[in-house]
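Step one of this worksheet: look at the structure below.
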Amino acid sequence: MNNLLLLPILIPLITGVVLIFLNRSIIVSRIVSALSLFFTIVASVFLFLKVRADGIQTLNLGGWEAPFGITLVSDMLSVLLVLTTSIIAFACCIYSFRSIGEERERFYYYSILQFLIVGINGAFTTGDIFNLFVFFEVMLMSSYVLLVLGGTRAQLRESVKYILVNIISSSLFVITVAYLYSVVGTLNMAHISVRIAEVGQPGILTVIAVLFLIVFGLKGAIFPLYFWLPGSYYAPPIPILALFGALLTKVGVYSIMRTYTLFFPHDPGYTHQLLGILAIITIIAGIIGALSYWDVKKIIIYNIIVAVGVILFGVSVMTTESLTGAISYLIHDMLIKASLFLLIGIIVTITGTSNLKKISGLIKNHPMLGWTFFVAALALAGIPPLSGFVGKLLIIQSGMGAGKYWGAGIVLMSSLLVLFSVMKIFINGFWGIHRNYENEEKAPVRWLLISPVLLVTISVLYGVGAELVYPYILQAAETLADPSIYINAVIKE
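Per the numbering used here: the sequence shown ends with 494, consecutive numbering throughout.
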């Protein structure tokens, strides 16, 4: 057992409680929140080094051995996602200092941000299906507060839809877990895998697999369950939008990835084929949305949906190569989506609008902003040697190898169309005649650029150093492809 697993959850949890009592002092709240997230990154790095050296780490809470107690599990996939989440949260926290507004900061913004990270890191680390639901609820309750914080009309309108959708999804989650427990008699995820393997995934378990796909599909925004996302993510301020776009949907994607590889690999002819079909339609729907709008926020929001489809197509192919590509692309997309949202936030701060038709010539006074966005746009589309290339290449290769030519072709075509959608922002927003913007001189561009430049730099290094990172991504994929690795680490004979 290793208590290090608790730190990425415990540090933000304690900090969130402490910050409730510090809300009167904005400066102190900023410092404490940033330090907390920095130490969460440090703890995540140490946990990564431990997993790299000694393999999968487990912690049985309360001293109850698995499968009877609550178990936290940190394999390579989990620790990579926890580390990426912590880095993105730190960047968004720094960005918030000059963008979120003192009114929101006084209403416990930094405290709720910490609780959001508790839910996300907990969801990535738990080895218990019911506690996955618990951490989902911690994450969602925090997101409800962040979505409505500020009380603008758009936020209040969209929060009603967002809360209703997630209440329905959470209710269905509990019902599905209850059905699963009634069949297998356990909640420990490794033990569930053992029990399902013993009975060979009969029809009732295939139905439960589809129910899980609906539950996590609502949270991860797959077709046709993404209807709530464009409006709900459009409403909050940019740092919150960056957190939501980079992290929240990825928790749903991770949950599909984990359950469909650990619980339901026995009937891929139905479950994974259904997942693959939905993933392809999700890509198409996202591209249509991204190409249709001239609003910079909407363009990037619809690209979230495209990425979800690409990742889940890789999961549906269900080979070690495709899972390696899916994990690689998942981490890439978390980093690059956060950076793109923060960059368009700077554009909106300078110009006072998100309407691309009212923006032009920004590169004249803000070359750093323009070229950082350009690199991020290329990375998003998967242009080599940037971070999106390796993951998408592996997904396409594995799709072709499995005979899924249409799916692989659509993933390949999506790169071109995604590039077109984001380059539309670059060409129209940064080139052309410079306009006079009222907020241009007041905008704290240099400060706001710190976070996206940091994330884009990490993304570039992640792409250029793919050969160094690949063994760890492969290790994570092998654990997904071979459930016995995960099971043997959790359930000790």
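For each residue, glycine too, the CB sits at the ideal point set by N, CA and C.
Can you have a look at residue i and say buried or exposed, based on whether 16 or more other CB atoms are within 10 angstroms of its CB?
i	result
Lys338	buried
Asn4	exposed
Asp334	buried
Val83	buried
Glu322	buried
Asp55	exposed
Ala378	buried
Gln274	exposed
Val208	exposed
Leu20	buried
Glu439	exposed
Met140	buried
Asn437	exposed
Phe136	buried
Leu206	buried
Ala247	buried
Val161	exposed
Thr272	buried
Gly120	buried
Met258	buried
Val200	exposed
Val29	exposed
Glu106	buried
Lys365	exposed
Starting from residue i, trace the beta strand (DSSP E) both ways and give me its first and last residue.
i	result
Thr72	Thr72 to Ser75
Any idea what DSSP makes of residue i, helix, strand or coil?
i	result
Gln476	helix
Thr260	helix
Asn356	strand
Thr350	helix
Gln202	coil
Asp483	coil
Asn489	helix
Asn3	coil
Arg105	helix
Arg99	coil
His333	helix
Asn429	helix
Tyr227	coil
Pro368	helix
Ala222	coil
Gly466	coil
Ala67	coil
Phe265	coil
Tyr294	coil
Gly410	helix
Gly287	helix
Per the DSSP calculation, residue i is bridged to which residue(s)?
i	result
Leu60	Leu73
Asn189	Asp129
Can you tell me where the alpha helix (DSSP H) holding residue i begins and where it ends?
i	result
Ser112	Tyr110 to Thr126
Arg436	From DSSP, Arg436 is part of no alpha helix (DSSP H); its letter is neither H nor E.
Gly232	Leu230 to Tyr235
Ser143	Ile130 to Val149
Asn440	Premise fails: Asn440 is in no alpha helix (DSSP H) and is neither H nor E.
Pro240	Ile239 to Leu244
Tyr271	Run containing Tyr271: none; DSSP gives neither H nor E here.
Leu394	Ser388 to Gly402
Ile300	Val297 to Val318
Pro385	It is not in any alpha helix (DSSP H) - Pro385 carries neither H nor E in the DSSP assignment.
Gly17	Leu8 to Ile21
Arg31	Ile27 to Asp55
Closer than 7 Å: is that where the CB of residue i sits relative to any heavy atom of the ligand COA?
i	result
Phe47	Of ligands this structure carries none, so the ligand COA is not represented either.
Contact criterion: CB-CB distance below 8 Å. Does residue i meet it with respect to chain C?
i	result
Leu81	Looking at the structure shown, chain C is missing, and only one protein chain is on hand.
What ranges does the alpha helix (DSSP H) occupy inside the stretch 150-179, keeping only unbroken runs of at least 4 residues that lie completely in it? none
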